[in-house]
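Below is one structure, written out as structure tokens; comments come after it.
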Amino acid sequence: MQAFSKLLTSRWGPIITGAVIGVFASLLVLWGNPGNMGFCMVCFTRDIAGALGMHNAGVVQYIRPEIIGGLLGAFIAAIMFKEFKPRGGSAPMVRFLLGVLAAFGALIFLGCPWRAYLRLAGGDWNAIVGIFGLVVGVVIGIYFLREGFSLGRSHPAPKASGFIMPIFMVVLLVLLVFAPQFGKDATGPIFFSESGPGNMYAPVLISLCVGLLVGFLAQRSRFCTIGAIRDKILLKDSHLLNGVLALVFFAFITNLILGQFNAGFESQPVAHSDGLWNFGGMVLAGLAFTLVGGCPGRQLFLAGEGDNGAGIFFMGMLAGTAFAHIFSIASSSSGVGAFGPEAVIIGLVICIAIGFTMREAKA
Amino acid sequence: MSETIKIDTSGFSCPQPALMARQALQKAGKGVVEVKVDSNTACENVSRIANNMGWKVTFGQPSGDTYLLRIEK
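Chains as they are written, first to last, in the numbering used here: chain F, 17 to 379; chain A, 226 to 298.
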């Protein structure tokens, strides 16, 4: 196991992780997940929000075991390799807000960076526009990083605080499996979509186990789809980018083998082809993820390590995905939501304000 | 003989430790730079960036949860 861990912290780590994600993401679609959605950190968080009754978009309500497994897999890896180090105190309100805004941006495109790459590997060419937007967002974030942007130092936190997110995930798993009904007259929550993407899911145990595997590998290898772009541009380092390339390649090959590759712009699963807002939404998402320090997958896995700031970011995404549906910000297969464009503009203004104002606090 | 440059990256999230190290190494040009990191991840990232830039990393004694990386060119 030690030798395997050494491999994962070497330059092969992100590549192995990306390959596993790519293959299993395509398999998860075969086993029941929505099209080109083996993993989507934001969509799945939105589905969980729906299941908990935080929004009432009936077609996207389901507690996704991939999220639960992902965090717990990272938690297990952190404990095993003594990297479970609860910490916090680094601009929590800002991190929460960035989670809300990142969720807005991603739901306007209909995918987090993981899903953008998976959509690309499935032939959804709208993802090209989205990824281009993501890169632009990261570049804007890099500008702020170079100018001294910082959310400030975190500090070691009481051990107990690091268990909140893992325990929350276990609670979610219990709610998924036992499906108690907390609403009036024995209705939801917990809600389960009867149609639409929320009704498309691989068997719980399979999703959970794949999540655990991915979470474990990603924690060890520090896999991050935003770091992949950021480090190549900012630090001239391809270490994480190799992981993303592996993800796309292996997802593509698996899709080809499984007959899941369908090239084009129109009629792609859980996607729309409004190029301007696919681009704009991902600029917002890319910028927000860069300012907070990583992609939503990385933030989920950091939360498993006891990083309170990452946990707060996840909560911001949970709230943001709910608001996105309640306030008609989220897109659908028919196109952008009524207030999606406004959310992109306002979100960008807020992120830019954060970029200019946040500096390390001087004692 | 120029002084050892010392930087403390404790508590910063990605990419700051690597970025701070890169900026310090670029400014120094050569010599010795000491970088304090407080996680394995920061340790790996700083070391990789330093190696990419042609510097050599020697690990100092870990003290508690932090490491002192000695980077030389």
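C-beta atoms are modelled at their ideal positions from N, C-alpha and C, and glycine is treated no differently.
Residue i burial status per 10 Å Cβ neighbour count (16 or more: buried)
i      : result
F/F372 : exposed
F/E163 : exposed
F/M109 : exposed
F/M17  : exposed
F/F268 : buried
A/Q248 : exposed
F/V286 : buried
F/Q315 : buried
F/T337 : buried
F/P196 : exposed
F/H171 : exposed
F/L274 : exposed
F/A354 : exposed
F/I345 : buried
F/G297 : buried
F/T33  : buried
F/R131 : buried
F/L27  : A quick correction: the sequence has Arg, not Leu, at residue 27 of chain F. The residue in question, F/R27, is exposed, as its Cβ has fewer than 16 Cβ neighbours within 10 Å.
F/L233 : buried
F/D63  : buried
F/I361 : exposed
A/F284 : exposed
Close beta carbons around residue i, own chain, < 7 Å, minus the five adjacent residues each side
i      : result
A/K252 : none
F/A244 : L256, L257, G259, V260
F/L250 : I158, L161
F/S209 : G74, V75, V76, Q77, Y78, N215
F/N324 : P102, R103, G104, A173, S177
A/N265 : none
F/H71  : A65, A338, H341, I342
F/A107 : L167, G168, M374
is_contact[residue i, chain F] using C-beta, thresh 7 Å
i      : result
A/G236 : yes
A/C268 : no
A/I274 : yes
CB-CB length for residue i against residue j, believed under 8 Å
i      : j      : result
A/L294 : A/V271 : 6 Å
F/G178 : A/C239 : The Cβ separation is near 18 Å, so there is no contact.
F/M331 : F/G115 : 7 Å
F/P357 : F/W293 : 6 Å
F/L24  : F/S283 : Rounded, the Cβ-Cβ distance is 39 Å, inconsistent with contact.
F/G363 : F/F165 : Contact doesn't hold; Cβ gap of about 17 Å is too wide.
F/F60  : F/I83  : 5 Å
F/L134 : F/A279 : Between F/A279 and F/L134 the Cβ distance is about 14 Å, and since that is not below 8 Å, they are no contact.
F/G85  : F/S223 : 7 Å
F/C240 : F/G127 : That pair is no contact at about 16 Å.
CB contact check: residue i to chain A, cutoff 7 Å
i      : result
F/D253 : yes
F/G310 : yes
F/R169 : yes
F/E99  : yes
Residues of its chain near residue i, where Cβ-Cβ distance is below 6 Å and the 5 sequence neighbours each way are ignored
i      : result
F/A90  : G231, Q235, F317, G320
F/F266 : A35, G38, V39
F/A218 : L44, W47, G48, N49
A/A275 : V282, I296
F/F305 : A118, I242, C311
F/K248 : S254, L257
F/W141 : F281
F/A262 : I31, G34, A35
Residues of its chain near residue i, where Cβ-Cβ distance is below 8 Å and the 5 sequence neighbours each way are ignored
i      : result
F/F100 : F91, A94, G178, E321, G322
F/L88  : P182, M185, V186, G227, L228, G231, G320
F/T203 : Q197
A/K273 : Checking the sequence shown, residue 273 of chain A turns out to be Arg, not Lys. So the list reads A243, once near-sequence residues are dropped.
Closer than 6 Å: residue i CB and nearest the ligand PLP heavy atom
i      : result
F/G164 : The ligand PLP is not part of this structure, which contains no ligands at all.
Residue i: contacting residues in chain B (beta-carbon distance under 8 Å)
i      : result
F/S166 : Reference to chain B is not applicable here, since the protein chains of this structure are F and A.
*asked:* Using a Cβ-Cβ cutoff of 9 Å, what residues of the region 215–240 of chain F are near chain A? List them in chain order.
replied: R238, C240
*According to a CB-to-CB cut-off of less than 7 Å, which residues of the region 237–248 of chain A neighbour chain F?*
F237, S238, C239, P240, Q241, A243, L244, R247
*Output, in sequence order along the chain, the residues in the region 138–163 of chain F whose CB is closer than 7 Å to any CB in chain A.*
L161
*Any residues in the region 24–39 of chain F with a beta carbon nearer than 7 Å to a beta carbon of chain A? Which ones, in chain order?*
T25
_Contact residues within the region 105–117 of chain F, judged by C-beta distance below 8 Å to chain A_ = S106
*Below 8 Å between beta carbons is the criterion; list the residues of the region 242–269 of chain F that meet it against any residue of chain A, in chain order.*
G243, R246, D247, L250, L251, K252, D253, H255
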